[in-house]
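Engineer: My questions all concern the structure below.
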Amino acid sequence: MKSLKLSPAQRASVELEIRKRRRLAPRITLLPHQIPPDGDWVRWILLSGRGGGKTYAAAHYVDEYARANPGARIAIIAPTLGDARKTCVEGVAGILSFNRNVKFNRSWGELHWPNEAQGTLFGAHTPDDAERLRGPQHHLVWFEEMAAARELEDSWTNMRLGLRLGDRPRVIISTTPKPRPLLKRLLDDPGTVVTRATTADNPYLHESVRTELYRLYEGTRIGRQELGAEILDDNPDALWTREVIEASRVSRVAAMNAGLQCRGFRKMGTVTCLTISRCRGRLMRGLSRQ
Ligand SMILES: Nc1ncnc2c1ncn2[C@@H]1O[C@H](COP(=O)(O)OP(=O)(O)OP(=O)(O)O)[C@@H](O)[C@H]1O
Ligand SMILES: [Mg+2]
Numbered sequence: 000m001k002s003l004k005l006s007p008a009q010r011a012s013v014e015l016e017i018r019k020r021r022r023l024a025p026r027i028t029l030l031p032h033q034i035p036p037d038g039d040w041v042r043w044i045l046l047s048g049r050g051g052g053k054t055y056a057a058a059h060y061v062d063e064y065a066r067a068n069p070g071a072r073i074a075i076i077a078p079t080l081g082d083a084r085k086t087c088v089e090g091v092a093g094i095l096s097f098n099r100n101v102k103f104n105r106s107w108g109e110l111h112w113p114n115e116a117q118g119t120l121f122g123a124h125t126p127d128d129a130e131r132l133r134g135p136q137h138h139l140v141w142f143e144e145m146a147a148a149r150e151l152e153d154s155w156t157n158m159r160l161g162l163r164l165g166d167r168p169r170v171i172i173s174t175t176p177k178p179r180p181l182l183k184r185l186l187d188d189p190g191t192v193v194t195r196a197t198t199a200d201n202p203y204l205h206e207s208v209r210t211e212l213y214r215l216y217e218g219t220r221i222g223r224q225e226l227g228a229e230i231l232d233d234n235p236d237a238l239w240t241r242e243v244i245e246a247s248r249v250s251r252v253a254a255m256n257a258g259l260q261c262r263g264f265r266k267m268g269t270v271t272c273l274t275i276s277r278c279r280g281r282l283m284r285g286l287s288r289q
């Protein structure tokens, strides 16, 4: 008899259907991209399209890690503190969905496992958020939707300097990719292991949802990024290329010293004058007079 060759996603889909029909509770079955590669990795990047199962995989990993490592110190960073609370902890695929014995102190943004492992939530939206990562030390860090974090570089650097507990501190990055320079650097780093998936690789999304998303976005640039998890470089129609944007970033202090202020500046950290091109010209002239 000819054997049926199913992809892992199709196999998971069939198993899910069988368990549903038999009225069995769904079993935790990780998809291939939700399992970190074997070996002594220090950084795992899980890139997937929207709904590809990133949060589920990372939350599951964090919970397993905490259960296996009493007293572990874990940081959970998301683009905002609210995202960390709502998605990483309380969300449908968040940590509490895997372990009801974890106590969550919402006001302190802290998770406590019965074995004294502890998780702390951080945002990465403002310079103050980035500063909160100065001081605490961790064994494990989960950076959720890293490519969407506004204060990314400073948050990453502060986190990285505090990732120093135990003999093998680790970081997991779960994100839909965007062409952020840090993400590209990390993907090129030999210390990084990567797993990838598209939205279509998650059989736990309802078929009709996947079909509709692909009907709306397949073949578009947004579809390539948000469903296909491709890192897209510049839009050929864009007025400014990413190279120009990155090259135009100056420190706030330098901008202030040049006596310049404009509406397009971000308030703190590095500033990029993008919104008003005349302003950018003035900034450049101001800086070149320094
Ligand atoms: N292995 C799995 N077993 C059962 N359900 C899963 C599994 N992986 C993902 N799911 C479910 O699929 C849905 C999408 O997963 P998840 O939220 O983790 O995707 P995501 O990639 O984080 O999405 P987004 O890009 O929107 O953040 C969730 O409802 C989640 O519970
Ligand atoms: Mg998610």
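So in numbering that gives the first Met the number 0, spot 235 of the sequence shown is number 234, and the numbers just go up one at a time.
From the three backbone atoms N, C-alpha and C, an ideal C-beta is built for every residue, glycine too.
1. Pick out whichever of 39, 140 and 26 has its Cα sitting closest to the Cα of residue 189.
2. Just to confirm, are residue 150 and residue 86 a CB contact at a threshold of 8 Å?
3. For ligand 1, I want to know if residue 105 counts as a neighbour, meaning its beta carbon is within less than 7 Å of at least one of the ligand's heavy atoms.
4. What residue range is occupied by the uninterrupted alpha helix (DSSP H) comprising residue 59?
5. Look at the Cβ atom of residue 54, then the Cβ atom of residue 93, and state whether they are nearer than 8 Å.
6. So, at 8 Å on beta carbons, what are the nonlocal neighbours of residue 83 in its own chain, with the 5 sequence-adjacent residues on each side left out?
7. For residue 126 and residue 152, I'd like the C-alpha separation in whole angstroms.
8. Using 8 Å as the Cβ pair cut-off and three pairs as the minimum, do the segment 165–175 and the segment 199–206 touch?
9. On a CA-only basis, which of 4, 91, 168 and 13 is nearest residue 64? Give me that one, please.
10. Measure the alpha-carbon distance for residue 295 versus residue 218 and round it to whole angstroms.
11. DSSP puts residue 118 in a beta bridge; with which residues?
12. Measuring only from the beta carbon, is residue 52 closer than 7 Å to any heavy atom that is part of ligand 1?
Structural biologist: Checking against the coordinates, here is how it stands:
1. Locating residue 189 in the sequence shown gives position 190, counting from the first residue. Nearest C-alpha to residue 189: 39.
2. In the sequence shown, the residue the question calls residue 150 occupies position 151. In the sequence shown, the residue the question calls residue 86 occupies position 87. No, the Cβ-Cβ distance between residue 150 and residue 86 is not below 8 Å.
3. As a first step, residue 105 is located in the sequence shown; it is residue number 106 there, counting from the start. No, the Cβ of residue 105 stays beyond 7 Å of every heavy atom of ligand 1.
4. If you number the sequence shown from 1, residue 59 lands on position 60. Its alpha helix (DSSP H) spans residues 53–67.
5. For the purposes of this step, residue 54 is identified with residue 55 of the sequence shown, where counting begins at 1. For the purposes of this step, residue 93 is identified with residue 94 of the sequence shown, where counting begins at 1. A contact, by the Cβ cut-off of 8 Å.
6. On the sequence shown, position 84 is the one that residue 83 refers to. Correct list, in chain order: 75, 76, 77, 108, 120, 121, 122 and 143.
7. Indexing the sequence shown from 1 puts residue 126 at position 127. Indexing the sequence shown from 1 puts residue 152 at position 153. Near 10 Å, if we compare the C-alpha coordinates of residue 152 and residue 126.
8. no
9. For the purposes of this step, residue 64 is identified with residue 65 of the sequence shown, where counting begins at 1. The option with the nearest alpha carbon to residue 64 is 168.
10. Since the displayed the chain opens at 0 and closes at 289, residue 295 lies outside it and no answer follows.
11. One-based indexing of the sequence shown puts residue 118 at position 119. In DSSP, residue 118 forms a bridge with 73 and 110.
12. The count along the sequence shown starts at 1 and reaches residue 52 at position 53. It does: the Cβ of residue 52 is within 7 Å (strictly closer) of some heavy atom of ligand 1.
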